[in-house]
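Numbering follows my numbering, in which position 125 of the sequence shown is assigned residue number 126; successive positions increment by one, without gaps. Quick notes on the structure that follows.
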Amino acid sequence: MDKIELQIEGLVDSILEDYRLGRDIDRMDIVRRPDKAAVIDMIDKLRWIVFPGYSRDKNYKVYNAKHNLSMLIEDVFYNLTKQISLILREAGEETETAKARAEEIGIAFFGRIPAVRAVVQTDLQAFYDGDPAATDMSEIIFAYPGLFAITVYRLAHELHLLQVPLLPRIMTEHAHSVTGIDIHPGATIGEYFFIDHGTGIVIGETAVIGKNVKIYQGVTLGAMSTRGGQSLRGVRRHPTIEDNVTIYAGASVLGGDTVIGQGSVIGSNAFITQSIAPCTTVTIKNQELQMKVRAGCCEEFKS
Numbered sequence: 002m003d004k005i006e007l008q009i010e011g012l013v014d015s016i017l018e019d020y021r022l023g024r025d026i027d028r029m030d031i032v033r034r035p036d037k038a039a040v041i042d043m044i045d046k047l048r049w050i051v052f053p054g055y056s057r058d059k060n061y062k063v064y065n066a067k068h069n070l071s072m073l074i075e076d077v078f079y080n081l082t083k084q085i086s087l088i089l090r091e092a093g094e095e096t097e098t099a100k101a102r103a104e105e106i107g108i109a110f111f112g113r114i115p116a117v118r119a120v121v122q123t124d125l126q127a128f129y130d131g132d133p134a135a136t137d138m139s140e141i142i143f144a145y146p147g148l149f150a151i152t153v154y155r156l157a158h159e160l161h162l163l164q165v166p167l168l169p170r171i172m173t174e175h176a177h178s179v180t181g182i183d184i185h186p187g188a189t190i191g192e193y194f195f196i197d198h199g200t201g202i203v204i205g206e207t208a209v210i211g212k213n214v215k216i217y218q219g220v221t222l223g224a225m226s227t228r229g230g231q232s233l234r235g236v237r238r239h240p241t242i243e244d245n246v247t248i249y250a251g252a253s254v255l256g257g258d259t260v261i262g263q264g265s266v267i268g269s270n271a272f273i274t275q276s277i278a279p280c281t282t283v284t285i286k287n288q289e290l291q292m293k294v295r296a297g298c299c300e301e302f303k304s
């Protein structure tokens, strides 16, 4: 064994010894952990169920829709209940109890799919109505990260309402990693929700958003402070956005007692920590612009 091999063997032994310290990061019973790759695969297949005409599965045939939908649901149901069962067992439930409860949750979840699709249709319409760059609905479904993030949120939110731990957060954090849009599955969001561009949007766990709300990139619906840590669990920390509100790019609306009244418009880069009355426009007065022509600049370009 040469010098490098000996050094690597020593490193392996050192790290294995570090694993024996009994910390949370040292746990190695991976067979009892949820499988993130399986969850991501479920997201893709659930989106096929939500948008049945937009998948390219080689086995999909329009004239055999019932058979294909049955296969999709059986596939997702098996993996969904398996992941939920693992999570419930990790939370302390007995194996058989966890399996039975996971199956009950799976049936209840799929029973809510038509209602989820109805709300997603309103989101799709809001995107089309709100974005003059959208040429048709297909472009939005195929290409808009905002609709992807909202759809994943709508699905994850139903699992959250069914009191499934961890799994909804894995789903929305996957959407976050793909789109840059961070929507906690615990947030409550009404119909006709439109995210324009979307990158950098943050919507916290206890945020409540009404109908016909439009939010632009970089908006934060956040907490005033998280210094309390776990003592703030279950406490209302994020704002309420009432119906027909528009929040422009870079604005921050913070605090569990903050309510943005219906019909209001929050301008770009506004920092809001108090309630805003309905039908109010909030803007920041422009800072003074200073302009000075650089001597000789135009002559340089001519040369």
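Built from N, CA and C at the ideal position, the CB exists for glycine as well.
Beta-carbon contacts of E94 that lie in its chain and below 8 Å, excluding the five residues immediately before and after: R102
Taking only the alpha-carbon atoms, compute the straight-line gap between D25 and I41 and give it to the nearest angstrom. 24 Å
Find out if the Cβ-Cβ distance for the pair V203, E159 is shorter than 8 Å. no
Let's see if you can read the secondary structure: which residues bound the beta strand (DSSP E) around D197? F195 to D197
Using the DSSP secondary-structure output, state which residues sit across from D36 in a beta bridge. Partner(s): none; D36 has no beta bridge.
Taking Cβ to Cβ, would you say P240 is nearer than 8 Å to V220? no
D14 - DSSP class collapsed to helix/strand/coil: helix
May I have the straight-line CA-CA distance separating T200 from K286, to the nearest angstrom? 25 Å
Could you check the C-alpha separation between E140 and Y55 for me, to the nearest Å? 11 Å
Look at the alpha carbon of L148 and the alpha carbon of R90, and state the distance between them as a whole number of angstroms. 33 Å
Three or more C-beta pairs below 8 Å linking the region 109-129 and the region 189-200: yes
Selection from I50, V209, Y129 and H161 that minimises the alpha carbon distance to E75: I50
Does DSSP put V77 in a helix, a strand or coil? helix
Rounded to the nearest angstrom, what separates A278 and Q218 at their Cα positions? 23 Å
Scan the region 63-140 and note each continuous alpha helix (DSSP H) run of 4 residues or more that stays entirely inside, going in chain order. 66-91, 96-112 and 114-131
Short of 7 Å in beta carbon distance, which residues of its chain neighbour P166, apart from the five on each side in sequence? Order them along the chain. I88 and A92
Buried or exposed: which applies to D19, given that a residue is buried once 16 or more other Cβ atoms fall within 10 Å of its Cβ? exposed
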